[in-house]
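Under my numbering, the residue at position 288 of the sequence shown is numbered 268, and the numbers go up by one with no gaps. Even glycine gets a Cβ: it sits at the ideal position worked out from N, Cα and C. Remarks on the structure that follows.
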Amino acid sequence: MSRNADDGDDRTDENRTGEDRTDEDVRRGGGLTTGEVARRLGVAPTTVRTWDRRYGLGPDAHTGGRHRRWTAADVARLERMCALTATGLPPAEAARMARSGTSPNAAPARRAPAPAPAPASAPRPPVRDRSRAGSGLRLGDARQECKGIARAALRLDATALEELLLAAIAEHGLVTAWTEVIMPTLQAVGRKWESSGERYVEVEHFLSWHVSGALRRSAPPVGADRPGATTVLACVPGESHTLPLEALAAALAEHGLPVRMFGGALPVESLVAAVRRTGPAVVGLWAQSRTTASRPLAQHVAAMEWGVRGARRRPVVLTLGPGWAGQGASGLPRPAGLAEAVAVVRSVVAG
-19 MSRNADDGDD RTDENRTGED RTDEDVRRGG GLTTGEVARR LGVAPTTVRT
31 WDRRYGLGPD AHTGGRHRRW TAADVARLER MCALTATGLP PAEAARMARS
81 GTSPNAAPAR RAPAPAPAPA SAPRPPVRDR SRAGSGLRLG DARQECKGIA
131 RAALRLDATA LEELLLAAIA EHGLVTAWTE VIMPTLQAVG RKWESSGERY
181 VEVEHFLSWH VSGALRRSAP PVGADRPGAT TVLACVPGES HTLPLEALAA
231 ALAEHGLPVR MFGGALPVES LVAAVRRTGP AVVGLWAQSR TTASRPLAQH
281 VAAMEWGVRG ARRRPVVLTL GPGWAGQGAS GLPRPAGLAE AVAVVRSVVA
331 G
(Lines of atoms letter the chains of each structure in order from A and count residues from 1; the text may use other names and numbers.)
(Lines give C-alpha, C1' and ligand atoms only; values in the text may rest on other atoms or scores of the structure.)
Protein backbone atom coordinates (compact mmCIF):
# COMPACT_ATOMS: atom_id res chain seq x y z
CA MET A 1 0.00 0.00 0.00
CA SER A 2 1.35 3.41 -0.91
CA ARG A 3 1.94 5.99 1.81
CA ASN A 4 1.70 9.75 1.78
CA ALA A 5 5.04 11.33 1.04
CA ASP A 6 4.82 13.20 4.33
CA ASP A 7 4.35 10.13 6.52
CA GLY A 8 8.08 9.54 6.77
CA ASP A 9 8.92 13.02 7.97
CA ASP A 10 6.49 12.70 10.91
CA ARG A 11 8.86 10.15 12.43
CA THR A 12 12.00 12.26 12.32
CA ASP A 13 13.43 14.13 15.33
CA GLU A 14 11.81 11.57 17.62
CA ASN A 15 13.71 12.80 20.62
CA ARG A 16 12.53 16.39 20.26
CA THR A 17 8.91 17.40 19.77
CA GLY A 18 7.70 20.59 18.12
CA GLU A 19 7.29 22.15 21.57
CA ASP A 20 10.89 21.28 22.49
CA ARG A 21 12.43 22.85 19.41
CA THR A 22 12.74 26.62 19.66
CA ASP A 23 12.29 29.11 16.81
CA GLU A 24 16.08 29.34 16.63
CA ASP A 25 16.18 25.57 16.14
CA VAL A 26 13.68 25.95 13.33
CA ARG A 27 15.80 28.60 11.60
CA ARG A 28 19.02 26.62 11.95
CA GLY A 29 17.59 23.17 11.27
CA GLY A 30 15.60 23.89 8.15
CA GLY A 31 12.14 23.97 9.69
CA LEU A 32 9.63 21.70 11.39
CA THR A 33 8.15 18.50 10.04
CA THR A 34 4.43 18.27 9.33
CA GLY A 35 3.94 16.16 12.44
CA GLU A 36 5.72 18.72 14.63
CA VAL A 37 3.63 21.54 13.17
CA ALA A 38 0.44 19.59 13.85
CA ARG A 39 1.46 19.05 17.48
CA ARG A 40 2.19 22.74 17.91
CA LEU A 41 -1.21 23.69 16.53
CA GLY A 42 -3.15 20.97 18.30
CA VAL A 43 -4.58 19.57 15.06
CA ALA A 44 -4.15 16.33 13.12
CA PRO A 45 -1.33 16.12 10.54
CA THR A 46 -4.00 15.40 7.91
CA THR A 47 -5.53 18.79 8.68
CA VAL A 48 -2.22 20.52 7.99
CA ARG A 49 -1.85 18.64 4.71
CA THR A 50 -5.43 19.49 3.71
CA TRP A 51 -4.85 23.18 4.35
CA ASP A 52 -1.72 22.94 2.19
CA ARG A 53 -3.39 21.09 -0.67
CA ARG A 54 -6.78 22.84 -0.65
CA TYR A 55 -5.97 26.39 0.43
CA GLY A 56 -2.32 26.87 -0.51
CA LEU A 57 -1.09 27.23 3.08
CA GLY A 58 1.91 24.97 2.62
CA PRO A 59 5.54 25.89 3.31
CA ASP A 60 7.08 28.54 1.10
CA ALA A 61 9.85 26.15 0.04
CA HIS A 62 10.55 22.41 0.05
CA THR A 63 13.85 21.04 1.33
CA GLY A 64 15.28 17.61 0.83
CA GLY A 65 13.22 16.36 -2.08
CA ARG A 66 9.65 15.48 -1.27
CA HIS A 67 9.89 16.23 2.44
CA ARG A 68 8.28 19.45 3.57
CA ARG A 69 9.83 21.67 6.22
CA TRP A 70 7.85 24.48 7.82
CA THR A 71 9.61 27.70 8.79
CA ALA A 72 8.58 30.06 11.58
CA ALA A 73 6.73 32.23 9.03
CA ASP A 74 4.89 29.16 7.68
CA VAL A 75 3.83 28.15 11.19
CA ALA A 76 2.70 31.70 12.00
CA ARG A 77 0.44 31.61 8.94
CA LEU A 78 -1.11 28.33 10.10
CA GLU A 79 -1.56 29.68 13.63
CA ARG A 80 -3.48 32.58 12.11
CA MET A 81 -5.60 30.10 10.17
CA CYS A 82 -6.47 28.32 13.45
CA ALA A 83 -7.37 31.59 15.18
CA LEU A 84 -9.61 32.70 12.31
CA THR A 85 -11.49 29.41 11.99
CA ALA A 86 -12.07 29.47 15.75
CA THR A 87 -14.22 32.58 15.24
CA GLY A 88 -16.51 30.63 12.92
CA LEU A 89 -15.13 31.85 9.60
CA PRO A 90 -15.31 29.28 6.78
CA PRO A 91 -11.90 27.69 6.14
CA ALA A 92 -11.63 29.16 2.64
CA GLU A 93 -12.16 32.71 3.89
CA ALA A 94 -9.86 32.17 6.88
CA ALA A 95 -7.16 30.84 4.54
CA ARG A 96 -7.47 33.89 2.30
CA MET A 97 -6.98 36.19 5.30
CA ALA A 98 -4.11 34.08 6.63
CA ARG A 99 -2.30 34.28 3.29
CA SER A 100 -2.91 38.02 2.81
CA GLY A 101 -2.33 39.06 6.41
CA THR A 102 -5.67 40.89 6.58
CA SER A 103 -7.90 40.79 9.65
CA PRO A 104 -11.61 40.12 10.00
CA ASN A 105 -12.03 43.78 10.93
CA ALA A 106 -10.51 44.81 7.62
CA ALA A 107 -12.81 42.52 5.67
CA PRO A 108 -16.53 43.15 5.19
CA ALA A 109 -18.40 41.96 8.27
CA ARG A 110 -20.12 38.66 7.70
CA ARG A 111 -23.33 39.82 9.34
CA ALA A 112 -23.46 43.33 7.83
CA PRO A 113 -25.63 44.08 4.77
CA ALA A 114 -23.60 44.01 1.57
CA PRO A 115 -23.71 47.12 -0.62
CA ALA A 116 -25.01 45.13 -3.59
CA PRO A 117 -28.67 44.15 -3.38
CA ALA A 118 -27.99 40.55 -4.40
CA PRO A 119 -30.16 38.07 -2.44
CA ALA A 120 -27.12 36.15 -1.17
CA SER A 121 -25.76 39.33 0.44
CA ALA A 122 -29.01 40.61 1.94
CA PRO A 123 -29.15 41.14 5.72
CA ARG A 124 -30.42 38.12 7.63
CA PRO A 125 -32.18 38.00 10.99
CA PRO A 126 -29.90 36.43 13.64
CA VAL A 127 -32.18 33.41 14.04
CA ARG A 128 -31.55 32.40 10.41
CA ASP A 129 -27.79 32.70 10.55
CA ARG A 130 -27.20 29.01 9.97
CA SER A 131 -24.29 26.92 8.80
CA ARG A 132 -23.43 23.32 8.22
CA ALA A 133 -20.73 21.87 10.43
CA GLY A 134 -17.13 22.00 9.29
CA SER A 135 -15.48 20.70 12.46
CA GLY A 136 -15.96 16.96 12.16
CA LEU A 137 -19.04 17.17 14.39
CA ARG A 138 -22.56 16.56 13.06
CA LEU A 139 -24.01 19.94 13.99
CA GLY A 140 -26.77 19.83 11.40
CA ASP A 141 -28.60 23.06 10.64
CA ALA A 142 -27.10 25.15 13.44
CA ARG A 143 -26.07 28.74 14.01
CA GLN A 144 -22.78 29.96 12.56
CA GLU A 145 -21.30 30.33 16.06
CA CYS A 146 -21.55 26.57 16.63
CA LYS A 147 -18.72 25.97 14.17
CA GLY A 148 -16.28 28.22 15.99
CA ILE A 149 -17.23 26.84 19.40
CA ALA A 150 -16.90 23.26 18.18
CA ARG A 151 -13.47 23.90 16.66
CA ALA A 152 -12.20 25.65 19.77
CA ALA A 153 -13.43 22.75 21.92
CA LEU A 154 -11.81 20.15 19.68
CA ARG A 155 -8.50 22.07 19.86
CA LEU A 156 -8.89 22.47 23.65
CA ASP A 157 -8.41 26.22 23.12
CA ALA A 158 -9.60 27.69 26.42
CA THR A 159 -9.17 31.35 25.49
CA ALA A 160 -11.03 31.13 22.19
CA LEU A 161 -13.78 28.95 23.65
CA GLU A 162 -14.48 31.33 26.51
CA GLU A 163 -14.56 34.36 24.22
CA LEU A 164 -16.91 32.67 21.75
CA LEU A 165 -19.34 31.47 24.44
CA LEU A 166 -19.52 34.88 26.11
CA ALA A 167 -19.94 36.61 22.75
CA ALA A 168 -22.82 34.31 21.79
CA ILE A 169 -24.62 34.97 25.08
CA ALA A 170 -24.06 38.72 24.82
CA GLU A 171 -25.29 38.88 21.22
CA HIS A 172 -28.34 36.61 21.38
CA GLY A 173 -29.34 36.62 25.05
CA LEU A 174 -28.95 33.71 27.38
CA VAL A 175 -32.05 31.71 26.41
CA THR A 176 -31.43 31.88 22.64
CA ALA A 177 -27.70 31.28 23.03
CA TRP A 178 -28.37 28.19 25.14
CA THR A 179 -31.09 26.80 22.89
CA GLU A 180 -29.59 27.51 19.46
CA VAL A 181 -25.82 27.71 20.02
CA ILE A 182 -24.67 25.93 23.17
CA MET A 183 -27.04 22.96 23.30
CA PRO A 184 -26.56 21.92 19.63
CA THR A 185 -22.79 22.01 20.13
CA LEU A 186 -22.95 20.02 23.37
CA GLN A 187 -25.18 17.44 21.69
CA ALA A 188 -22.83 17.18 18.72
CA VAL A 189 -19.86 16.58 21.02
CA GLY A 190 -21.88 13.96 22.88
CA ARG A 191 -22.71 12.15 19.63
CA LYS A 192 -19.05 12.30 18.61
CA TRP A 193 -18.04 10.73 21.92
CA GLU A 194 -20.70 7.99 21.70
CA SER A 195 -19.67 7.05 18.16
CA SER A 196 -15.91 7.11 18.81
CA GLY A 197 -15.46 4.77 21.75
CA GLU A 198 -13.42 6.42 24.48
CA ARG A 199 -12.23 9.29 22.28
CA TYR A 200 -13.34 12.91 22.76
CA VAL A 201 -14.33 12.47 26.41
CA GLU A 202 -11.85 15.21 27.26
CA VAL A 203 -13.51 17.49 24.69
CA GLU A 204 -16.94 16.98 26.27
CA HIS A 205 -15.61 17.67 29.77
CA PHE A 206 -13.65 20.69 28.54
CA LEU A 207 -16.64 22.19 26.75
CA SER A 208 -19.01 21.54 29.67
CA TRP A 209 -16.65 23.22 32.11
CA HIS A 210 -16.35 26.35 30.01
CA VAL A 211 -20.10 26.48 29.32
CA SER A 212 -20.70 26.38 33.08
CA GLY A 213 -18.25 29.22 33.60
CA ALA A 214 -19.76 31.32 30.81
CA LEU A 215 -23.28 30.88 32.23
CA ARG A 216 -22.16 32.10 35.64
CA ARG A 217 -20.17 35.03 34.30
CA SER A 218 -23.01 36.15 32.04
CA ALA A 219 -25.73 36.08 34.70
CA PRO A 220 -26.25 39.06 37.01
CA PRO A 221 -25.85 38.54 40.77
CA VAL A 222 -28.53 36.35 42.35
CA GLY A 223 -31.46 38.50 43.41
CA ALA A 224 -32.34 39.00 47.04
CA ASP A 225 -35.02 36.72 48.44
CA ARG A 226 -38.55 38.00 48.17
CA PRO A 227 -41.42 36.23 49.98
CA GLY A 228 -43.07 33.83 47.58
CA ALA A 229 -40.62 34.51 44.74
CA THR A 230 -37.68 32.15 45.29
CA THR A 231 -37.00 29.19 42.97
CA VAL A 232 -35.14 26.11 44.23
CA LEU A 233 -33.30 24.11 41.57
CA ALA A 234 -31.79 20.67 42.14
CA CYS A 235 -31.00 17.43 40.36
CA VAL A 236 -32.85 14.42 41.73
CA PRO A 237 -30.82 11.83 43.69
CA GLY A 238 -28.47 9.92 41.41
CA GLU A 239 -28.50 12.63 38.73
CA SER A 240 -25.35 14.67 38.07
CA HIS A 241 -26.17 16.54 34.81
CA THR A 242 -26.31 20.10 36.11
CA LEU A 243 -25.70 22.26 33.00
CA PRO A 244 -29.39 22.63 32.04
CA LEU A 245 -30.20 23.73 35.59
CA GLU A 246 -27.28 26.16 35.52
CA ALA A 247 -28.72 27.65 32.34
CA LEU A 248 -32.14 28.01 33.98
CA ALA A 249 -30.60 29.58 37.10
CA ALA A 250 -28.74 32.11 34.94
CA ALA A 251 -31.86 32.88 32.88
CA LEU A 252 -33.97 33.46 36.00
CA ALA A 253 -31.27 35.71 37.46
CA GLU A 254 -31.34 37.62 34.17
CA HIS A 255 -35.01 38.38 34.93
CA GLY A 256 -34.22 39.46 38.49
CA LEU A 257 -35.79 36.36 40.06
CA PRO A 258 -34.10 34.94 43.19
CA VAL A 259 -32.71 31.42 42.74
CA ARG A 260 -31.25 28.86 45.08
CA MET A 261 -29.20 26.34 43.10
CA PHE A 262 -28.26 23.03 44.77
CA GLY A 263 -26.66 21.25 41.82
CA GLY A 264 -26.25 17.53 41.26
CA ALA A 265 -27.60 14.47 43.07
CA LEU A 266 -29.20 16.23 46.06
CA PRO A 267 -30.27 13.60 48.63
CA VAL A 268 -33.97 13.43 49.44
CA GLU A 269 -33.52 14.58 53.04
CA SER A 270 -31.43 17.56 51.92
CA LEU A 271 -33.96 18.52 49.24
CA VAL A 272 -36.80 18.46 51.77
CA ALA A 273 -34.74 20.53 54.22
CA ALA A 274 -33.89 23.10 51.53
CA VAL A 275 -37.54 23.48 50.54
CA ARG A 276 -38.65 23.90 54.16
CA ARG A 277 -35.93 26.48 54.88
CA THR A 278 -36.51 28.62 51.77
CA GLY A 279 -40.28 28.36 51.27
CA PRO A 280 -39.95 28.62 47.49
CA ALA A 281 -42.63 29.50 44.99
CA VAL A 282 -41.17 27.00 42.52
CA VAL A 283 -39.05 23.86 42.82
CA GLY A 284 -37.34 22.61 39.65
CA LEU A 285 -36.26 18.95 39.69
CA TRP A 286 -33.97 17.83 36.86
CA ALA A 287 -33.78 14.20 35.70
CA GLN A 288 -31.67 13.30 32.68
CA SER A 289 -32.57 9.60 32.80
CA ARG A 290 -35.81 7.73 33.44
CA THR A 291 -33.94 5.65 36.00
CA THR A 292 -33.42 8.72 38.20
CA ALA A 293 -36.81 10.42 37.71
CA SER A 294 -38.99 9.74 40.77
CA ARG A 295 -42.69 10.53 40.62
CA PRO A 296 -43.20 9.90 44.38
CA LEU A 297 -40.42 12.40 45.19
CA ALA A 298 -41.94 15.09 42.95
CA GLN A 299 -45.38 14.53 44.45
CA HIS A 300 -43.98 14.62 47.99
CA VAL A 301 -42.29 17.97 47.40
CA ALA A 302 -45.45 19.35 45.73
CA ALA A 303 -47.46 18.40 48.83
CA MET A 304 -45.16 20.20 51.29
CA GLU A 305 -46.72 23.21 53.07
CA TRP A 306 -45.46 26.11 55.13
CA GLY A 307 -46.71 29.41 56.48
CA VAL A 308 -49.24 30.43 59.13
CA ARG A 309 -52.53 28.62 59.61
CA GLY A 310 -55.09 29.83 57.12
CA ALA A 311 -52.39 31.00 54.69
CA ARG A 312 -50.50 27.82 54.03
CA ARG A 313 -48.60 27.65 50.74
CA ARG A 314 -47.23 24.91 48.50
CA PRO A 315 -44.57 25.11 45.81
CA VAL A 316 -45.16 24.58 42.12
CA VAL A 317 -42.92 21.65 41.17
CA LEU A 318 -41.46 21.62 37.66
CA THR A 319 -40.37 18.22 36.36
CA LEU A 320 -37.43 19.16 34.13
CA GLY A 321 -35.38 17.07 31.73
CA PRO A 322 -35.87 14.07 29.41
CA GLY A 323 -35.98 11.63 32.30
CA TRP A 324 -39.53 12.68 33.13
CA ALA A 325 -40.88 11.58 29.74
CA GLY A 326 -43.60 9.08 30.60
CA GLN A 327 -42.83 9.58 34.30
CA GLY A 328 -44.46 12.96 34.88
CA ALA A 329 -46.62 13.30 37.94
CA SER A 330 -50.21 14.33 37.33
CA GLY A 331 -50.77 18.06 37.66
CA LEU A 332 -47.06 18.98 37.74
CA PRO A 333 -45.80 21.18 34.87
CA ARG A 334 -43.20 19.69 32.54
CA PRO A 335 -41.75 22.58 30.48
CA ALA A 336 -40.44 21.53 27.08
CA GLY A 337 -37.36 23.77 27.14
CA LEU A 338 -35.52 26.64 28.79
CA ALA A 339 -37.76 29.42 27.45
CA GLU A 340 -40.91 27.63 28.60
CA ALA A 341 -39.42 26.93 32.04
CA VAL A 342 -38.56 30.61 32.49
CA ALA A 343 -42.08 31.59 31.40
CA VAL A 344 -43.68 29.21 33.90
CA VAL A 345 -41.55 30.49 36.79
CA ARG A 346 -42.29 34.12 35.90
CA SER A 347 -46.00 33.35 35.71
CA VAL A 348 -46.02 31.63 39.12
CA VAL A 349 -44.06 34.44 40.77
CA ALA A 350 -46.21 37.14 39.19
CA GLY A 351 -49.40 35.35 40.23
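- Under DSSP, alanine 214 forms a beta bridge with Leu265.
- Threonine 271 carries a coil assignment under DSSP once its states are collapsed to helix, strand and coil.
- Secondary structure within the region 225 to 263: the alpha helix (DSSP H) runs of 4 or more consecutive residues, fully enclosed, are 248 to 258 (chain order).
- Secondary-structure assignment with DSSP links threonine 165 through no beta bridge to anything.
- Following the DSSP letters along the chain, one finds leucine 145 inside the alpha helix (DSSP H) bounded by residues 138 to 152.
- Using a Cβ distance threshold of 8 Å, arginine 60 and threonine 14 do not count as a contacting pair.
- Where leucine 12 is concerned, there is no enclosing beta strand (DSSP E), because DSSP gives it neither an H nor an E.
- Of the other Cβ atoms in all chains shown, 16 or more fall within 10 Å of the Cβ of alanine 157; this residue is therefore buried.
- Taking all protein chains in view, the Cβ of histidine 185 is surrounded by fewer than 16 other Cβ atoms within 10 Å, so the residue is classified as exposed.
- By the Cβ test, the region 28 to 36 is in contact with the region 72 to 83, since at least three Cβ pairs between them sit closer than 8 Å.
- In this structure the region 294 to 313 does not lie against the region 230 to 244, because fewer than three pairs of beta carbons, one per stretch, are closer than 8 Å.
- Looking at the DSSP output, tryptophan 304 shares a beta bridge with no other residue.
- In the DSSP annotation of this structure, the continuous segment of the alpha helix (DSSP H) that includes tyrosine 35 starts and ends at 25 to 35.
- Going by C-alpha positions, threonine 165 is about 10 Å away from serine 188.
- Secondary-structure assignment with DSSP links threonine 299 through a beta bridge to Leu265.
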